[in-house]
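Colleague:
Numbering (this note's numbering), first residue to last: 38 to 356.
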């Protein structure tokens, strides 16, 4: 026959559940639970930083070429490699976007490949490819946003004003395309990578609401598979004064890092109705934090109830 009084684990558990045991261990339990709440966010942040760093360490090869049109059928045109590529995501209905768009017009377009995107379906010049980049490639949430060289981010008009300073601090070298030329309506290219070549067609488009134009708004996109080293693009070359941007990059989610000196600063939004909310592309990133918070709250509830009960018991005994 088992003598339960000799079973140490059982006796220990029962003894710790007595009122005196709880009184002695309650402060320690509270310290442990509170410490867990404080440590978990930092651990999660550290793991997130480690993942971000590992992704950043394996950044894809990115190469960019620019060709200003027209390029006649009887001539060979040599695209040039810029120093930086800036992708601007905005909207005609966005008031904070205006100051940033005026700043972009002052850039040196001989050295910088500027690509303006309208990812909002509320714009007449909306482009589905731009929305896909906004939501799926860069996982952006707000406009205006600037993505520099596909790995850096400035969000909002306030951060956007740091663009020139950020460009001066970036040491960038595009590579990946061995040679690229356009001749008689055909594009010829070569690379040692296994990435596809994407061509963006940019046009000068009049602003919907203001008396000004957006000089390099994305209006179309074409992808040349890696196995095909030539493509007929004559339909984009004839009678056009647009610009083509050739981008060599893997088609997947691109991690971004903030270039702002105040990355937690104000994010400028301008939406007066729920219709404009289409730009807030929620990706479920807050679900884990919410579940963790609820779990911690549930863990704390029994301890708080027992603590309250002991307080009442002590008050009763003192009387």
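Ideal Cβ positions, reconstructed from N, Cα and C, are used throughout, including at glycine. As the structure is a computational prediction, the values presented were derived from the model and not from experiment.
Counting C-beta neighbours from all protein chains within 10 Å, is the total for residue 323 16 or more, i.e. buried, or is it exposed?
Modeller: Residue placement at residue 323 cannot be trusted, given a pLDDT of 47 that sits under 50; what the coordinates show is reported in the next sentence. Residue 323 comes out exposed.
Colleague: If residue 199 sits next to residue 298, beta carbons under 8 Å apart, how far is it from one beta carbon to the other, in whole angstroms?
Modeller: About 7 Å; that satisfies the 8 Å criterion.
Colleague: Within 10 angstroms of its Cβ, does residue 127 collect 16 or more other Cβ (buried), or is it exposed?
Modeller: buried
Colleague: Check this for me: beta carbons of residue 219 and residue 239, under 8 Å apart or not?
Modeller: no
Colleague: Beta-carbon of residue 297 versus every beta-carbon of chain B: anything under 8 Å?
Modeller: Absent here is chain B; the protein component of the structure consists of one chain.
Colleague: What three-state label does DSSP hand residue 40 in the structure shown?
Modeller: Because the pLDDT at residue 40 is just 44, under 50, the model does not fix this residue reliably, and the value given afterwards should be weighed accordingly. Here residue 40 sits in coil by DSSP.
Colleague: Classify residue 131 as buried or exposed, calling it buried when 16 or more other Cβ atoms lie within 10 Å of its own Cβ.
Modeller: buried
Colleague: Taking the alpha carbon of residue 222 as the point to measure from, which residue in 100, 346 and 112 has its own alpha carbon closest?
Modeller: The option with the nearest alpha carbon to residue 222 is 112.
Colleague: Just verifying my parser: in three-state terms, what is the DSSP assignment at residue 260?
Modeller: strand
Colleague: Please report the distance separating the alpha-carbon of residue 211 from that of residue 229.
Modeller: 14 Å
Colleague: Quick check on residue 128: does DSSP put it in helix, strand or coil?
Modeller: Of the three classes helix, strand and coil, the one that applies to residue 128 here is coil, per DSSP.
Colleague: Give me the Cα-Cα distance between residue 264 and residue 246, rounded to the nearest whole angstrom.
Modeller: The straight-line gap from Cα to Cα measures roughly 44 Å.
Colleague: Pick from 296, 292, 342 and 340: whose alpha carbon is nearest that of residue 175?
Modeller: By alpha-carbon distance to residue 175, the top candidate from 296, 292, 342 and 340 is 292.
Colleague: Go ahead and pull the three-state DSSP assignment for residue 298.
Modeller: coil
Colleague: So the candidates are 188, 242 and 339; which of them puts its Cα closest to the Cα of residue 154?
Modeller: 242
Colleague: What number of angstroms, rounded off, separates the C-alpha of residue 125 from the C-alpha of residue 183?
Modeller: 5 Å
Colleague: Taking Cβ to Cβ, would you say residue 121 is nearer than 8 Å to residue 207?
Modeller: yes
Colleague: DSSP beta-bridge partners for residue 100?
Modeller: 285
Colleague: Leaving out five residues on either side along the sequence, give the residues of the same chain with a beta carbon under 8 Å from the beta carbon of residue 189.
Modeller: 203, 207, 293, 294, 295 and 296
Colleague: Look at the alpha carbon of residue 150 and the alpha carbon of residue 102, and state the distance between them as a whole number of angstroms.
Modeller: Distance between the alpha carbons of residue 150 and residue 102: 8 Å.
Colleague: Just reading off the beta strand (DSSP E) that residue 138 is part of, what are its end residues?
Modeller: Premise fails: residue 138 lies in the alpha helix (DSSP H), 134-141, not in any beta strand (DSSP E).
Colleague: In its own chain, which residues sit with a C-beta less than 7 Å from the C-beta of residue 168, not counting the 5 before and 5 after it?
Modeller: 156, listed in sequence order.
Colleague: Which class does residue 92 belong to by DSSP, given the choice of helix, strand or coil?
Modeller: Per-residue confidence for residue 92 stands at a pLDDT of 42, beneath the threshold of 50, marking its modelled position as unreliable; the derived number appears in the next sentence. Looking at residue 92 - three-state DSSP - the assignment turns out to be helix.
Colleague: Cα-Cα, which of 148, 332 and 268 is closest to residue 227?
Modeller: 268
Colleague: Out of 244, 340, 224 and 152, which one is the CA nearest neighbour of residue 185?
Modeller: 152
Colleague: CA-CA distance, residue 139 and residue 216?
Modeller: 34 Å
Colleague: When you compare only the Cα positions, how much space is there between residue 340 and residue 177?
Modeller: 41 Å
Colleague: Secondary structure at residue 277, three-state DSSP: helix, strand or coil?
Modeller: coil
Colleague: So what does residue 216 bridge to, in DSSP terms?
Modeller: 227, per the DSSP bridge assignment.
Colleague: Where does residue 157 sit, in a helix, a strand or coil, going by DSSP?
Modeller: coil
Colleague: Closest to residue 275 by CA distance: which of 105, 99, 109 and 104 is it?
Modeller: Residue 275 has its Cα closest to that of 109, out of 105, 99, 109 and 104.
Colleague: Skipping 5 residues on each side, what residues in its chain have a beta carbon closer than 6 Å to that of residue 259?
Modeller: 236
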